[in-house]
Amino acid sequence: MSTWSDVERLLARAPGDYSVCVLDGERETLFTYAADAVRPAASLIKVPLAMALVTSDQARLRGETGVNLEATAILRDEDRVEGVGSFDSAPAGTRRTLWQLIGHALRESDNTAANLLIDAIGMQAVNHFLRTALALPVTCLQRRFMDFAAAARGEDNLTSAREMCMLFHALLARDRRYDRLVEWLTATPYGDKIVAGVPAGTVVAHKVGDLPGVEHDAGIVYAPERLYVVVLLSGDLPDAGTGKATLAEASRLIYQLLAG
1 MSTWSDVERL LARAPGDYSV CVLDGERETL FTYAADAVRP AASLIKVPLA
51 MALVTSDQAR LRGETGVNLE ATAILRDEDR VEGVGSFDSA PAGTRRTLWQ
101 LIGHALRESD NTAANLLIDA IGMQAVNHFL RTALALPVTC LQRRFMDFAA
151 AARGEDNLTS AREMCMLFHA LLARDRRYDR LVEWLTATPY GDKIVAGVPA
201 GTVVAHKVGD LPGVEHDAGI VYAPERLYVV VLLSGDLPDA GTGKATLAEA
251 SRLIYQLLAG
């Protein structure tokens with residue numbers, strides 16, 4: 001049977017630098033490891049982007065100013081950035097609703113879709129949502145995806161393991177406003193980090209992120225008897241495989257502790 005000390009030893013000894021946070025379904029903190037270290041968010045920032053858009057659309061439906069997620073965006077060649085999503089490689093002139101773009105951004109981590117969503121709502125609105133609705137002082141959106149010039153100026157999208165844990169717990173809102181987002185996060189094809197550490201068939205709603213030297217995964221694990229939120233962040237990795245293997249082993253140990 002694993003212990004929290006086993007998780008700590010794994011993270012301390014593995015090559016690289018790690019941050020972990022685990023919450024239960026009642027938002028009680030179960031485990032932290034360097035959870036307040038500020039790190040590049042990579043594609044994890046697509047989750048609060050989507051949450052801000054849903055909140056804005058709900059404001060519109062109440063008669064307030066907000067984004068209409070049924071509005072259509074049209075892909076232009078100049079919008080296209082590097083990525084692995086299906087919208088990234090779609091032909092110019094392809095039309096998608098903003099709802100559909102959110103699906104591309106969450107399921108496939110599509111960078112082009114995410115940038116069009118940023119255009120639709122604006123960075124300031126996303127950051128206002130993070131500060132006011134979620135009360136998260138560190139997590140922020142400061143540049144578009146694949147904007148290397150902004151990155152060179154020191155403008156990066158940031159988060160911490162603790163704040164990303166709070167953010168994923170907020171997806172479980174009692175009014176179920178984010179249920180569609182959770183469904184998309186459950187349908188992601190990436191299974192080499194959190195998912196690799198839990199039994200086959202376990203439902204996990206999660207978002208991965210990666211940059212050179214960085215591997216992240218954050219999500220909600222729906223174990224048979226309880227759910228928990230787990231955020232695994234890393235940096236200064238010698239290679240991607242090392243980071244993925246360490247996060248998968250951390251996920252395995254955590255699952256054993258909470259549901260094994």
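Everything in the sequence shown is counted per full-length UniProt numbering, starting at 1 for the first residue and increasing by one.
Backbone N, C-alpha and C fix where the C-beta goes; we use that ideal spot for every residue, glycine too.
Note that this is a predicted model, so its numbers are computed, not measured.
Grab me the residues of residue i's own chain with a C-beta within less than 6 angstroms of its C-beta, minus the 5 sequence neighbours each way, in chain order.
i      : result
Thr188 : Arg107
Cys165 : Cys21, Leu23, Val229, Val231
Ile102 : Ala50
Ala14  : Thr246
Leu253 : Ser2, Asp6, Val7
Met123 : Leu141
Ala205 : Val182, Leu185, Thr186, Gly219, Ile220
What residues in its chain sit with their C-beta under 7 angstroms from that of residue i, if we drop five residues either side in the sequence?
i      : result
Gly235 : Gly16, Asp17, Arg39, Gly213, Val214
Ala114 : Lys46, Leu49, Ala105, Phe145
Gly93  : Ile74, Leu75
Leu117 : Leu49, Leu53, Leu98, Leu101, Ile102, Ala105
Arg80  : Asp88, Thr112
Mark residue i as exposed unless 16 or more other C-beta atoms lie within 10 angstroms of its C-beta, in which case mark it buried.
i      : result
Val84  : exposed
Ser160 : buried
Phe148 : exposed
Leu61  : exposed
His128 : exposed
Arg153 : exposed
Gly243 : buried
Closest to residue i by C-alpha separation, out of the options, would be which residue?
i           : options                       : result
Glu183      : Glu249, Lys193, Thr97, Gly219 : Gly219
residue 290 : Met51, Gly63, Asp210          : Nothing can be reported for residue 290: it is not among the residues displayed for the chain, which extend from 1 to 260.
Gly66       : Asp57, Asp179, Gly260, Thr97  : Asp57
Pro91       : Asp77, Thr97, Val81           : Asp77
Leu75       : Arg27, Asn111, Val54          : Asn111
Ala12       : Leu257, Ala250, Gly260        : Ala250
With a threshold of 8 angstroms on Cβ separation, who are the neighbours of residue i within its own chain once the five nearest residues in sequence on each side are excluded?
i      : result
Arg131 : Pro137
Arg177 : Val54, Thr55, Gln58
Opposite residue i in the DSSP bridges: which residues?
i      : result
Ser19  : Leu233
Ile220 : Ala205, Val229
Using 8 angstroms as the limit for Cβ to Cβ distance, is residue i near chain B?
i      : result
Pro212 : The structure shown contains no chain B; it is built from a single protein chain.
Any alpha helix (DSSP H) of 4 or more consecutive residues that is wholly inside the stretch 99-144:
111-121, 123-132
So within the stretch 144-214, which uninterrupted beta strand (DSSP E) runs reach at least 3 residues, ignoring any that extend past its ends?
For the stretch 144-214, whole beta strand (DSSP E) runs of length 3 or above, ordered along the chain, are 203-211.
Considering only residues of the stretch 30-84, which uninterrupted alpha helix (DSSP H) runs meet the minimum length of 4 residues and lie entirely inside it, listed in chain order?
46-61
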